[in-house]
């Protein structure tokens, strides 16, 4: 089963209150009255070329601007072409809109990779007295370049983005029998449907999903014995604080994600479930001293993701901590093991949202740096075993060592030119039923859209 537990909470098992009758145990084709069931885990694709992924991002933005008539786009892996479907029956102007050329700036398309052994590693950090103040950071000028042009294909599609998103957002909290065994839902753009992941399944649930949403609109990925735990515990960081370091909150021990800046002031980003609104934050080196306070939080510790004030969409699991007085953060991040003193400068944020097959690393106070992750699914809603729902998050998968309690709030990232490219904030982790590790993280770009300020650069 999947595992998701706050790094200060007990590990639970998804579907632990499952109905007794689990009569669906293998693959089933869709029928007129029941949804498809599949048990084989979809293969993780290779990471898209950066320019292709950036073009896909632009096509996704078009669909989000006209969700009633445009289908979720995807990349045809055989041809590398963007496929931007249009709802059957939509006005011809919608097809023209979806087919419009997309220009990509190649100079902004490098989002790094998961090679953590690049040049740019630094050691020997010097502690600064807390009396010094932070300075605003200048932004570098961007050169003018000639864009690369992409031309999407526009086949007809039965279901629009709005149709599929509505199912994704409702199904895990629906009145479908056996809903407690359904733990994740995401849009499968290529198949123009919603995939619901289940730890157990009955024929009653299968037919109820078809009756409520349509047999061709939903498919179930049945993965028994998958567990998910929410993540809430390098250990002795000094002022100014770096990303990837240990922080102590009212919820327990978590990890600093990325340093943050707004109007010249110092902040840092972590997971919302690690905190509560207006709570104090401490760092191990300074004992009981209150170095910061939570000023933004999009996580309800009973129900899960909430919408930020003034924002119409969910943005995962985030908290923004403002440093008190003369405590500061710096645009650098720890790498290496849990006790490492090595760090890298932060280059900036990814130029696009996570896509299936993207490679990345995670950093946390418990397990340190773990690379070899691949994005399994993006823009996903997932119910944690204690009932909290993380909305609009990204799922990752890898073999070997998994993240653990204490890694919550930590950074997900790539490395480019020896510097860190911020990708997200870790929320949860555990194991798939095949034994591979699972991670759940929030896209860093959602933080920059929903909160004041930006990731601090080094």
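In the numbering used here, the protein residues as written are 876 to 1333. All C-beta atoms, glycine included, are put in the ideal place defined by N, C-alpha and C. Bear in mind the structure is a predicted one, so any value in this text is a computation, not a measurement.
Cβ-based burial, residue i [other Cβ within 10 Å; buried from 16]
{"i": "residue 1163", "result": "exposed"}
{"i": "residue 1177", "result": "exposed"}
{"i": "residue 957", "result": "buried"}
{"i": "residue 1318", "result": "buried"}
{"i": "residue 1067", "result": "buried"}
{"i": "residue 967", "result": "exposed"}
{"i": "residue 1179", "result": "buried"}
{"i": "residue 1056", "result": "buried"}
{"i": "residue 1254", "result": "buried"}
{"i": "residue 1262", "result": "exposed"}
{"i": "residue 910", "result": "buried"}
{"i": "residue 1009", "result": "With a pLDDT of 48 at residue 1009, under the threshold of 50, the modelled position of that residue is not reliable, and the figure given next carries that caveat. Buried, by the Cβ-count rule."}
{"i": "residue 1216", "result": "exposed"}
{"i": "residue 842", "result": "Residue 842 lies beyond the range of the chain shown here (876 to 1333); nothing can be said about it."}
{"i": "residue 1026", "result": "exposed"}
{"i": "residue 1003", "result": "exposed"}
{"i": "residue 1190", "result": "buried"}
{"i": "residue 1214", "result": "exposed"}
{"i": "residue 1244", "result": "buried"}
{"i": "residue 904", "result": "exposed"}
{"i": "residue 925", "result": "buried"}
Residue i - partner residues in DSSP beta bridges
{"i": "residue 1220", "result": "1207"}
{"i": "residue 1367", "result": "Nothing about residue 1367 can be read from this structure; the chain reaches only from 876 to 1333."}
{"i": "residue 1116", "result": "1204"}
{"i": "residue 1129", "result": "1122"}
{"i": "residue 949", "result": "958"}
{"i": "residue 1187", "result": "DSSP lists no partner for residue 1187."}
{"i": "residue 1175", "result": "1179"}
{"i": "residue 926", "result": "Bridge partners of residue 926: none, in fact."}
{"i": "residue 1023", "result": "979"}
{"i": "residue 1068", "result": "1063"}
{"i": "residue 903", "result": "912"}
{"i": "residue 1329", "result": "1136"}
{"i": "residue 1073", "result": "1057, 1097"}
{"i": "residue 988", "result": "1290"}
{"i": "residue 997", "result": "1218"}
{"i": "residue 1142", "result": "1135, 1197"}
{"i": "residue 1032", "result": "962"}
{"i": "residue 1318", "result": "1299"}
Proximity to residue i [Cα-Cα], best of the options
{"i": "residue 900", "options": "1081, 919, 908, 972", "result": "1081"}
{"i": "residue 1220", "options": "1289, 1324, 1174", "result": "1289"}
{"i": "residue 1174", "options": "1264, 1215, 1210, 1120", "result": "1264"}
{"i": "residue 1291", "options": "1156, 951, 1226", "result": "1226"}
{"i": "residue 1172", "options": "1161, 1269, 1143", "result": "1143"}
{"i": "residue 1208", "options": "1253, 1238, 1231", "result": "1238"}
{"i": "residue 973", "options": "931, 996, 1003", "result": "931"}
{"i": "residue 1298", "options": "1287, 1304, 1307, 1308", "result": "1287"}
{"i": "residue 1187", "options": "1324, 1332, 1029, 1030", "result": "1324"}
{"i": "residue 1259", "options": "1236, 925, 1270", "result": "1270"}
{"i": "residue 1305", "options": "1281, 1328, 1326", "result": "1281"}
{"i": "residue 1252", "options": "914, 1234, 959, 981", "result": "1234"}
{"i": "residue 1210", "options": "929, 1120, 1147", "result": "1120"}
{"i": "residue 1151", "options": "1126, 1130, 1329", "result": "1126"}
{"i": "residue 1334", "options": "1199, 1183, 1241", "result": "Shown here, the chain extends from 876 to 1333; a query on residue 1334 therefore has no answer."}
{"i": "residue 1033", "options": "1044, 965, 1310, 989", "result": "965"}
{"i": "residue 943", "options": "922, 1037, 982, 1212", "result": "1037"}
{"i": "residue 1223", "options": "988, 1294, 1231", "result": "1294"}
{"i": "residue 1020", "options": "961, 978, 1192", "result": "978"}
* What are the complete beta strand (DSSP E) segments, minimum 3 residues, inside the stretch 1230-1316? -> 1234-1237, 1245-1258, 1264-1273, 1286-1291, 1294-1306
* Three or more beta-carbon pairs under 8 Å between the stretch 1072-1080 and the stretch 1092-1102, yes or no? -> yes
* Please confirm if the stretch 1195-1213 is in contact with the stretch 1126-1140, defined as three or more CB-CB distances below 8 Å between the two stretches. => yes
* **Contact between the stretch 981-995 and the stretch 948-957 (3+ Cβ pairs under 8 Å)** => no
* Is there contact between the stretch 1150-1164 and the stretch 1106-1123, where contact requires at least three CB pairs shorter than 8 Å? -> yes
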